[in-house]
Each structure stands twice: as C-alpha cells, then as structure tokens.
C-alpha cells in the first residue's frame, strides 16, 4: 500500500510537471502570436500616419485650422473605414488643433479619455520628432490597451 501511494504521488507529480511544461509552451506561443499581431497593427498604423503626415492638406490644416478639412476628412466614416478610435492633430507648440474619439461599436463620437490626454501631457518628448522619425507604442486607457502612432507633418 505504501508503494502505491508513492507511485500515485510520483505519477501525479510527473503528470503535473508535463502539464505545466505544455502550459508554459502554449503561453509562450500565444504571447509570440499576440506580439506578432501587435507589431502588424503598429506597422499598419505607422504607415497610415506617415501617409497623412505627408499630405499637403494636413499641413495646410495645422497652419490655418480650416473646417473644410475636418468636414471632408475627419468624419465618422474615416474612423469606421480605418478602424480608428482617436485622431489628434497637434501644432508645433504641442497644442491640440483637433481631437476626436470614436466608439467603433456604437458608431458615435465619444469623449476623449483623460488617461489618453494625460499620457501625452506627461510625455512631451513624443512631440520632438525629427521630420523622418515616427514613433509607435501601446498605452493603457484604464484596462484597455490602445496602440498609437505619431508622425511629424511634413512641409
């Protein structure tokens, strides 16, 4: 009877070790997959901000803050077709020229989270990019991660 108990403990311990090893491997594989998806999304968003930053209309908008640009380019359909939750245009001085948040599920404008605006206020280095430099990252809006991309508007 004692041998059976020890054998049972050994079998259970061996099984648990194998199970835990498989669990670790699954977690690592899931983590690699998640990082791959995040990298893809960051690259995609950087490409988008690069396109908009090089656009003459964007440059003109930050110069004169014309409503025609907003009315034709920063509409609900833009958020929906590009899958964006937030668009912000900053001036050279770091002042916000345009900022709008959008709920893609409800398809409506929503208030911009204080967590988001606080992050950019607390990280002014993000606005000291060279003309050919962009930055991307992930920030937390409460318990919700958000990816972002910043790109200088070219003249």
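In my numbering, the protein residues as written are 898 to 1052.
Note that CB positions come from ideal geometry on N, CA and C, so glycine has one too.
Query                                                                                        : Result
Residues that residue 1032 bridges to, as DSSP identifies them                               : 1047
Delimiting residues of the beta strand (DSSP E) encompassing residue 995                     : 993-1000
Heavy atom of the ligand HEM within 8 Å of residue 955 beta-carbon                           : As far as ligands go, the structure on display features none, and thus does not contain the ligand HEM.
Distance CB(residue 983)-CB(residue 1018) smaller than 9 Å                                   : no
Assumed close pair residue 1031, residue 970 - CB separation to whole angstroms, cut-off 8 Å : In fact, because the Cβ distance is near 20 Å, the residues do not count as touching under 8 Å.
Which of helix, strand or coil DSSP assigns to residue 983                                   : strand
Residue 965, enclosing alpha helix (DSSP H) - first and last residue                         : 964-970
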